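So the protein lines, in turn, are chains U and H.
With our numbering, letter number 139 in the first sequence gets 139, and the count goes up by one each step, no holes.
With our numbering, letter number 90 in the second sequence gets 90, and the count goes up by one each step, no holes.
The beta carbon of each residue, even a glycine, is placed where N, CA and C say it ideally should be.
Because the structure is a prediction, the values reported are computed rather than measured.
Number of protein chains: 2
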Amino acid sequence: MVDQAKKKASKSAVTIVDVAALAGVSIKTVSRVVNSEPNVRQSTRTRVSQAISELNYRPNTAARVLSGKRFYVIGLVYENPNEFSYMKDVLNGALKACEAGGYTLLLLPLTLPNKELVSEVQIFATQSRLDGVILPAPMGDYSEINALLDELEIPFARIAPKTDIADNISVVCNDEEASYSVTKFVIEQGHTRIGFIKGDPEHGATDKRFNGYKSALKDFKLKYDSKLVCDGQFSFESGKSATRKLFKLTDRPTAIIASNDDMAAGTIYEAHERGLNVPNDLSVIGFDDTPIASQIWPPLTTVRQPIMEMAESATTLLIRKLRGENIELPDEPFKCSVVTRASTMHR
Amino acid sequence: MVDQAKKKASKSAVTIVDVAALAGVSIKTVSRVVNSEPNVRQSTRTRVSQAISELNYRPNTAARVLSGKRFYVIGLVYENPNEFSYMKDVLNGALKACEAGGYTLLLLPLTLPNKELVSEVQIFATQSRLDGVILPAPMGDYSEINALLDELEIPFARIAPKTDIADNISVVCNDEEASYSVTKFVIEQGHTRIGFIKGDPEHGATDKRFNGYKSALKDFKLKYDSKLVCDGQFSFESGKSATRKLFKLTDRPTAIIASNDDMAAGTIYEAHERGLNVPNDLSVIGFDDTPIASQIWPPLTTVRQPIMEMAESATTLLIRKLRGENIELPDEPFKCSVVTRASTMHR
DNA sequence: CTGAAAGCGCTTACAG
DNA sequence: CTGAAAGCGCTTACAG
Numbered sequence: 001m002v003d004q005a006k007k008k009a010s011k012s013a014v015t016i017v018d019v020a021a022l023a024g025v026s027i028k029t030v031s032r033v034v035n036s037e038p039n040v041r042q043s044t045r046t047r048v049s050q051a052i053s054e055l056n057y058r059p060n061t062a063a064r065v066l067s068g069k070r071f072y073v074i075g076l077v078y079e080n081p082n083e084f085s086y087m088k089d090v091l092n093g094a095l096k097a098c099e100a101g102g103y104t105l106l107l108l109p110l111t112l113p114n115k116e117l118v119s120e121v122q123i124f125a126t127q128s129r130l131d132g133v134i135l136p137a138p139m140g141d142y143s144e145i146n147a148l149l150d151e152l153e154i155p156f157a158r159i160a161p162k163t164d165i166a167d168n169i170s171v172v173c174n175d176e177e178a179s180y181s182v183t184k185f186v187i188e189q190g191h192t193r194i195g196f197i198k199g200d201p202e203h204g205a206t207d208k209r210f211n212g213y214k215s216a217l218k219d220f221k222l223k224y225d226s227k228l229v230c231d232g233q234f235s236f237e238s239g240k241s242a243t244r245k246l247f248k249l250t251d252r253p254t255a256i257i258a259s260n261d262d263m264a265a266g267t268i269y270e271a272h273e274r275g276l277n278v279p280n281d282l283s284v285i286g287f288d289d290t291p292i293a294s295q296i297w298p299p300l301t302t303v304r305q306p307i308m309e310m311a312e313s314a315t316t317l318l319i320r321k322l323r324g325e326n327i328e329l330p331d332e333p334f335k336c337s338v339v340t341r342a343s344t345m346h347r
Numbered sequence: 001m002v003d004q005a006k007k008k009a010s011k012s013a014v015t016i017v018d019v020a021a022l023a024g025v026s027i028k029t030v031s032r033v034v035n036s037e038p039n040v041r042q043s044t045r046t047r048v049s050q051a052i053s054e055l056n057y058r059p060n061t062a063a064r065v066l067s068g069k070r071f072y073v074i075g076l077v078y079e080n081p082n083e084f085s086y087m088k089d090v091l092n093g094a095l096k097a098c099e100a101g102g103y104t105l106l107l108l109p110l111t112l113p114n115k116e117l118v119s120e121v122q123i124f125a126t127q128s129r130l131d132g133v134i135l136p137a138p139m140g141d142y143s144e145i146n147a148l149l150d151e152l153e154i155p156f157a158r159i160a161p162k163t164d165i166a167d168n169i170s171v172v173c174n175d176e177e178a179s180y181s182v183t184k185f186v187i188e189q190g191h192t193r194i195g196f197i198k199g200d201p202e203h204g205a206t207d208k209r210f211n212g213y214k215s216a217l218k219d220f221k222l223k224y225d226s227k228l229v230c231d232g233q234f235s236f237e238s239g240k241s242a243t244r245k246l247f248k249l250t251d252r253p254t255a256i257i258a259s260n261d262d263m264a265a266g267t268i269y270e271a272h273e274r275g276l277n278v279p280n281d282l283s284v285i286g287f288d289d290t291p292i293a294s295q296i297w298p299p300l301t302t303v304r305q306p307i308m309e310m311a312e313s314a315t316t317l318l319i320r321k322l323r324g325e326n327i328e329l330p331d332e333p334f335k336c337s338v339v340t341r342a343s344t345m346h347r
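Next up, the structure:
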């Protein structure tokens, strides 16, 4: 019987009718069990579950979609970056949660800045028939996109957003605290002139990281000097040009904290160009612990974010919401940790 | 009329029935036009096409899948790497082709080595109901996977495979020629002791790149010295350990060609560790022109591969095959090009 | 707690 | 060259 079932499974697919027949119930009852609906006697439920696993039954998504109101599809809308390490983790986390939840993940890579932003998302959401959307930073902070999804009644979850939206799913990490810790670490190594390169202002992490830097300076009685702070956009090139500005100062910083690893790589690049030894002449710190952090020389002291876990959590919460389950938003942010490597030293 | 149509489109979706009504034909005729089937009078075809664009009609995939024999889904099976730059390009190329062809792309990231390899692919192919599969290197060279897909009658296309399979879609680039060119470049810069770090033997590019190196040595009358050749696995760490071996030689190489950028980054790392100046004391060459190639110091002379274009081409060919169109496999490999940066210099 | 019927929007197989 | 009918495998809405 089992063999026959397996054989059948490998030929034409097992359907709800086969399960119903084996369990001796109607297809509606099988449907109730599959969808974890109430109003099925426990003994019936057990019998159906056994039939399902015996036949290795999996519901046909196309049929579900066609007859029901769900699509079992989640869209991931992201800025397609040159350096993909952050997105790789987001992708892996979202993929894991989708697989576990029986959803399919569809991708929409976008170039920023983008005048067609809203219409691209609209076309994606409509044509791909999405149930929900994941918005990793900085996509979560475009109010037009949020408004569009609200209008289409498509729930969304945001990863590391800048602003809060009441009642909306979002996951964050303790960026400010982590930035404080790493700044404190640098101060305790004896540095007093500490440069800071800010990230892309569109990203939620940018201000938080900057605030952590300022708080640490304050707590350790170092004067905040705006000449030591430069704007950046999270790109390697922006790290280079910010560093060049810092190097022009008469009283050059002895340490530079860049708001991500790519920019820190730019700092190291410029130091090499000017014959400065890192860390002897200059300590350099990054954020994110991307692959380049350990592959560059000297390897970077940086702050590790649990991005994959954050993405997985955001996606899982979104799926629960789509199922109509009660979800409790996480009250604790995810924890970052300082990773110490050779790019920093005591002064 | 038009406005009414648009209004309707935004509410409940436009169906084949609406199009048929507007064009004054049966739904079957609309279906023929949508699927580019023959046996429709030209004037009828035009009328239907107009109705389609007027109503902004898009066929419901779920309905197509449920009634037909296609799923409109392509799977991308890949080794989930630490350094994602190669896969990022593959992903973008495949995504672009799928979008253009009306297919959905599903991802299966895999860890290698993997004992469950075949069953993971089988579950993916069966449960996700795939029409076709894209296999970027090294996934295209597992004969068990190829056999499985043949058995399931799921066509697949391979990117940069090692071996040929008759009548199968695959795209390659002129790795050997590019490796020859870059080796020639190094020789012409006056180097005679040129180290070579091989890639992962599972990858098709590995032997080709090695062969290009050997051919160039031969053509320029340099003796091949097996002590100058080390094994690697395309990882940063393997580049480091191979470089350490090369540095131990009494007659140290003055240039090292690594079979990809990550390993070349490892070479640069080790050079820094030993206080060797790149390029004054050692020229370093990579392959792939990934982001790290331009972000490391000194920036790497490397070989650029048009990976995105290759992936797009492979996917487009696969989609054509799935549609039953006649496809001609590309007879010319894609062209790589040498990118010269500061990690190499004249001796 | 359980089920019979209708229908989702297409394609297939067939008829003309 | 065109179309009427059946049916894909589920869920919805309703009945009991």
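In the three-state reduction of the DSSP assignment, U:S170 falls in the strand class. Listed as beta-bridge partners of H:L106 by DSSP are H:G75. The count of Cβ pairs closer than 8 Å, one atom from the region 77-94 of chain H and one from the region 45-56 of chain H, stays below three, leaving the stretches out of contact. Pairwise C-beta distances place the region 271-290 of chain H out of contact with the region 56-73 of chain H, as fewer than three of them are shorter than 8 Å. In the three-state reduction of the DSSP assignment, U:V229 falls in the strand class, which pools E and B. The beta carbon of H:I268 sits closer than 8 Å to some beta carbon of chain U. By the Cβ rule, the region 250-266 of chain U counts as touching the region 201-210 of chain U, because three or more pairs are nearer than 8 Å.
For chain H, the residues of the region 86-97 of chain U that bring a beta carbon within less than 7 Å of one of its beta carbons are K88, N92, L95, in chain order. Within a 10 Å sphere around the beta-carbon of H:V17 sit fewer than 16 other beta-carbons, which makes this residue exposed. Taking the C-beta atoms as reference points, H:T344 is found nearer than 8 Å to H:V186. Inside the region 244-271 of chain H, DSSP marks whole beta strand (DSSP E) runs of 3 or more residues at positions 255-258, from first to last along the chain.
Contact between the region 95-105 of chain U and the region 66-79 of chain U is present, with at least three C-beta pairs closer than 8 Å. With respect to the 8 Å criterion, U:G199 and U:L246 are not classified as neighbours on the basis of their beta carbons. Residues of the region 270-292 of chain H with a C-beta atom less than 7 Å from some C-beta of chain U are H272, P291, I292, listed in chain order. With a contact defined as Cβ atoms closer than 8 Å, U:L108 and U:F124 qualify at about 5 Å. In the three-state scheme derived from DSSP, where H, G and I count as helix and E and B as strand, H:A125 is classed as helix. Listed by position along chain H, the residues whose Cβ is nearer than 7 Å to that of U:I296 are I296.
Residue U:L217 holds the alpha-carbon nearest to the alpha-carbon of U:T192 among U:L217, U:P291, U:A205. Contact of U:N168 with chain H is not assigned, every C-beta pair being separated by 8 Å or more. At least one beta carbon of chain U lies nearer than 8 Å to the beta carbon of H:N80. Counted as a single uninterrupted DSSP element, the beta strand (DSSP E) harbouring U:V303 occupies residues 302-304. The secondary-structure analysis by DSSP pairs H:V133 across a beta bridge with H:G75, H:F156. For the region 146-158 of chain U, there are no residues whose beta carbon sits under 8 Å from a beta carbon of chain H. For U:G93, the uninterrupted alpha helix (DSSP H) run begins and ends at 85-101, by DSSP. Under the three-state reduction of DSSP, H:I296 is assigned to coil, being neither helix nor strand.
Secondary-structure assignment with DSSP links U:V339 through a beta bridge to U:T302. For H:D262, the residues of chain U that pass the 9 Å Cβ criterion are P291, Q295, in the order they occur in the chain.
Residue burial is scored here from C-beta neighbours: H:F287 has at least 16 other C-beta atoms within 10 angstroms and is therefore classed as buried. The C-beta of H:A63 comes closer than 8 Å to at least one C-beta of chain U. Comparing alpha-carbon positions, the option among H:F156, H:P279, H:P291 lying closest to H:T315 turns out to be H:F156. 8 Å or more divides the Cβ of H:Y86 from the Cβ of H:M139. Counting along the chain, the unbroken alpha helix (DSSP H) around H:G204 starts and ends at 204-219.
Taking a Cβ-Cβ cut-off of 8 Å, the neighbours of U:F236 in chain H comprise P291, S294, Q295, given in sequence order. Rounded to whole angstroms, the gap between the alpha carbons of U:L112 and H:D225 is 50 Å.
Look at U:I194 here: in three-state DSSP terms it is strand.
Contact with chain H is found for U:E83, since one of that chain's Cβ atoms lies less than 8 Å from the residue's Cβ.
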